[in-house]
Amino acid sequence: MNPIRTYQVCNVREANQNNWLRTKFIQRQDVQRVYVELKFTVRDCNSIPNIPGSCKETFNLFYYESDTDSASANSPFWMENPYIKVDTIAPDESFSKLESGRVNTKVRSFGPLSKNGFYLAFQDLGACMSLISVRAFYKKCSNTIAGFAIFPETLTGAEPTSLVIAPGTCIPNAVEVSVPLKLYCNGDGEWMVPVGACTCAAGYEPTMKDTQCQACGPGTFKSKQGEGPCSPCPPNSRTTSGAATVCTCRNGFFRADTDPADSACTSVPSAPRSVISNVNETSLVLEWSEPQDTGGRDDLLYNVICKKCSVERRLCTRCDDNVEFVPRQLGLTERRIYISNLMAHTQYTFEIQAVNGISNKSPYPPHFASVNITTNQAAPSAVPTMHLHSSTGNSMTLSWTPPERPNGIILDYEIKYSEKQGQSDGIANTVTSQKNSVRLDGLKANARYMVQVRARTVAGYGRYSLPTEFQTTAEDGSTSKTFQELPLIVGSATAGLLFVIVVVIIAIVCFRKQRNSTDPEYTEKLQQYVTPGMKVYIDPFTYEDPNEAVREFAKEIDISCVKIEEVIGAGEFGEVCRGRLKLPGRREIFVAIKTLKVGYTERQRRDFLSEASIMGQFDHPNIIHLEGVVTKSRPVMIITEFMENCALDSFLRLNDGQFTVIQLVGMLRGIAAGMKYLSEMNYVHRDLAARNILVNSNLVCKVSDFGLSRFLEDDPADPTYTSSLGGKIPIRWTAPEAIAYRKFTSASDVWSYGIVMWEVMSYGERPYWDMSNQDVINAVEQDYRLPPPMDCPTALHQLMLDCWVRDRNLRPKFAQIVNTLDKLIRNAASLKVIASVQSGSVASPLPVRTSPKGRECWGGWD
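Just so you know, we're using full-length UniProt numbering here: the sequence shown kicks off at 1 and counts up by one.
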């Protein structure tokens, strides 16, 4: 009883029906894909009596593009071409004569559109139906604010699986933290995987649920950009305007240059207190207590200023430079100082200044406490040197330099001497002299004597000089040259030099031992772990001579056994060829030959042959087999088994959709078995990807590319590898810890294996599609994981997700992966459950099929 307007047709009793209905011209604007919602009813043909067999229960949906509204009753022609068919529309429910009509709702889409507008058309070929409503619409991602950036309204792409990049701009009063700013708009009109971010600028704080940045109010500030709120001004500071990035200090308060903006303003300290002096002849000890007011800082230091004053104390001058301060004169952290080398009977004034980190900001001098002292008389310092003027058989004449600090008038000198007998000195004798010279008489001929001298003032004797050895002449007046001190000195020097050499050698050995155990780069090269009964991989770079590793692990082949037939590619070091190998006593086989280009350096030759040194250690049906090397002829060659189907990624793209799930799982099982073998040998591949898996004519997959040469030199022309921390890393295939910290382990190879699984199940699709490497890093960090490829079994995608667990200790081992795949192969029914697109950790884009990339056939050597 609710009348509605419909278009109806029911010419079911007449054969060869071809009824059309067309809409008005619809402007496209910038829309690339259009969705059409249809509401309609269809009568069941069985409920209509006496009708021919031509009765239909379906109708067709078409569209026609045009730049102008030019359609007429006769143009375009009423047929599929020029109209483009979208789909044949069938009802979910039809109705009979005695029942009310059941309304069906269907949604279809079409695109890409390129002209100004389009018409919708409906074709009936003999159905009894009514068209109730048609709604044409498009999808878009509404404008949004994310990460303090504004992203504009963005129309979805031409395909349901398209990802459209929307560039963003920071909201007002925000600044960029990382660039570029963009969001991806997927085919359902949903935003996903934000890249880059903004944050509120200094002086502004987030508000309105992080969609605005408002200025800091009076009395508050924000010194750095970020998402934090504004803070009240620190003590002794204030603001005079809004959006303050720093609070200015009040009068008399300051900040040091190194103080952060959120630190309190401080003042200079008051003077030190309770100064105590203790004079000992010409030396002095000063002690004091800290100031009553430190100025609010904990970087308190002390300076001691020394002034020498006249007797009248009317004039004070700076102290002499020879005055010593222990531990130092300026910048003291202790409240005690020892001062020596002062002049005797002299008046001094000492000022103890208290300073802190902002004392240099204050226009006034530091506060200080002073103390006045008078030094006492001091004994003279030691005589520095003695000299022999003349010598006879029974006497010697000596002189010396007066003390540097006599500390008064020298009254006389005391000379002490004794005969040197073997290893000991004889009985000492003393004489005095009022001059700085003396004649010693009554000595033995040709004898050695040890002599010391000291000066005396009214304050007493000073210290003796160091013992000095002199010798009298023989009876005939000659002088012996056999001074014992010379060989003693030479012997001591030799022993000392030998000791230094031994210490240096020990230090070098210890350093090398420590480097071997702690240097990660050294440890990474030495991948050797001793396990009884197990063959262990040995890194060829641990050999001093790389040629020795080649001789040990690779068989030398005579060049006469090798026949090159054609060049099939170009590698980093030279050409890659297909050829034949005929060894004595063996049948002729096809081989792949990698050659080293002419004019190579020694390093290039070493790096080239290192791949053979690695491959030669492996023996497994899923690892590429090394036949041998040619190093004694030119060109230098590496010869391996020939793999007819080349690299796995290009092979899958050329045979898209041609294999059963069991065949694909069999390929994955072979790769996992090869990686299980490598992991058991403690070898970490670091570059596991479908491009580095080779396939033979029996669909056997074998792991290749052990040269790692691409890690040694940058190659900007290859975007697959991105420089990071001094090396090159295939970002899309590499585990997060390997990208961030270069932590390559078998667990990181497991992550890469999960990407290989995705490549295989998507028939060589590029992981993460056209996202940039930095976008991939950001997405993985946000727990984004690749969705299941089309028609991918749930069990396989779950295994992929297990390989992509962030904690590397929780990822499965390759042995577990092999067991899991074996169980799936034995239980083929488990592979019939297809994963949904929403299996990823966060919203996942649908897989996008791209055209095959033109990569070289030999994935491991391209």
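Built from N, CA and C at the ideal position, the CB exists for glycine as well.
Going by C-alpha distance, which of the options is nearest residue i?
| i | options | result |
| --- | --- | --- |
| Leu646 | Asn11, Gln421, Asn692 and Asn173 | It should be pointed out that residue 646 corresponds to Cys in this sequence rather than to Leu. Closest option to Cys646, Cα to Cα, is Asn692. |
| Val164 | Ser697, Ile171 and Ser142 | Ser142 |
| Ser133 | Leu21, Gln225, Asp188 and Lys823 | Leu21 |
| Val86 | Val326, Ala738, Phe59 and Ser610 | Phe59 |
| Gln434 | Ala447, Ile410, Asn809 and Tyr7 | Ile410 |
| Gly393 | Ala149, Leu440, Pro218 and Gln617 | Leu440 |
| Glu14 | Thr294, Arg297, Cys128 and Asp749 | Cys128 |
| Val703 | Lys728, Cys306, Tyr768 and Glu611 | Glu611 |
| Gln471 | Glu419, Asn429 and Ile171 | Glu419 |
| Asn81 | Phe325, Gly226 and Tyr63 | Tyr63 |
| Lys444 | Glu414, Arg826, Gln421 and Tyr784 | Gln421 |
| Glu644 | Pro635, Arg606 and Leu694 | Leu694 |
| Leu113 | Val107, Ser66 and Phe148 | Ser66 |
| Ser390 | Gly460, Thr473 and Glu469 | Thr473 |
| Ser465 | Glu475, Ile415 and Ala447 | Ile415 |
Let me know the secondary structure DSSP gives residue i once reduced to three states.
| i | result |
| --- | --- |
| Asn60 | strand |
| His797 | helix |
| Val103 | coil |
| Gln434 | coil |
| Ser267 | coil |
| Leu300 | coil |
| Ser133 | strand |
| Met637 | strand |
| Gly666 | helix |
| Ala612 | helix |
| Phe590 | strand |
| Met79 | coil |
| Gln774 | helix |
| Pro49 | coil |
| Gln816 | helix |
| Trp769 | coil |
| Met343 | coil |
| Cys249 | strand |
| Cys803 | helix |
| Ala121 | strand |
| Leu725 | Because Leu725 carries a pLDDT of 40, less than 50, the predicted location of this residue cannot be relied on, and the following value inherits that uncertainty. The answer is coil: DSSP assigns Leu725 none of H, G, I, E or B. |
| Asp44 | coil |
| Cys316 | strand |
Can residue i and residue j be called in contact, C-beta distance under 8 Å?
| i | j | result |
| --- | --- | --- |
| Val818 | Asn682 | no |
| Glu37 | Thr105 | yes |
| Gly674 | Val700 | no |
| Pro380 | Thr457 | yes |
| Ser130 | Phe40 | yes |
| Cys247 | Pro234 | yes |
| Lys182 | Glu205 | no |
| Arg273 | Pro260 | no |
| Ile557 | Gly616 | no |
| Val431 | Leu398 | no |
| Lys139 | Asp188 | yes |
| Val576 | Ile639 | no |
| residue 897 | Asp299 | This structure does not reach residue 897, given that the chain is present from 1 up to 862, and the question cannot be answered. |
In its own chain, which residues sit with a C-beta less than 7 Å from the C-beta of residue i, not counting the 5 before and 5 after it?
| i | result |
| --- | --- |
| Ser94 | Val42, Arg43, Asp44 and Glu57 |
| Ala549 | Pro540, Tyr543 and Ser613 |
| Val275 | Leu286, Trp288, Ile352, Ala369 and Val371 |
Which residues in the same chain have their Cβ closer than 6 Å to the Cβ of residue i, if we skip the five residues on either side of it in sequence?
| i | result |
| --- | --- |
| Asn407 | Ala344, Ala378 and Pro380 |
| Glu588 | Arg580 and Lys582 |
| Cys285 | In the sequence as presented, Cys is not what sits at residue 285; that position holds Val. So the list reads Asn278 and Tyr338, once near-sequence residues are dropped. |
| Gly331 | Leu301 |
| Trp733 | Ala689, Ser752 and Ile755 |
| Asp656 | Tyr763 |
| Val268 | Gly295, Ser359 and Ser362 |
| Pro167 | Lys182 |
Who are the near neighbours of residue i in its chain, counting only those whose CB is closer than 8 Å to its CB and skipping five residues on each side?
| i | result |
| --- | --- |
| Gly533 | Low per-residue confidence applies at Gly533: pLDDT is 49, beneath 50, and the placement is therefore not dependable enough to give any value. |
| Gly219 | Pro232, Cys233, Arg238 and Thr239 |
On the three-pair Cβ rule with 8 Å, is the region 421-430 touching the region 377-386? no
Segment contact flag, the region 149-167 with the region 24-34, C-beta cutoff 8 Å, min 3 pairs: yes
Examine the Cβ distances between the region 352-369 and the region 315-328 and report whether three or more of them are shorter than 8 Å. no
If you pair each beta-carbon of the region 437-453 with each one of the region 359-376, do three or more pairs fall below 8 Å? no
When the Cβ atoms of the region 826-835 are set against those of the region 770-782, are three or more pairs found closer than 8 Å? They do not touch, by the three-pair rule.
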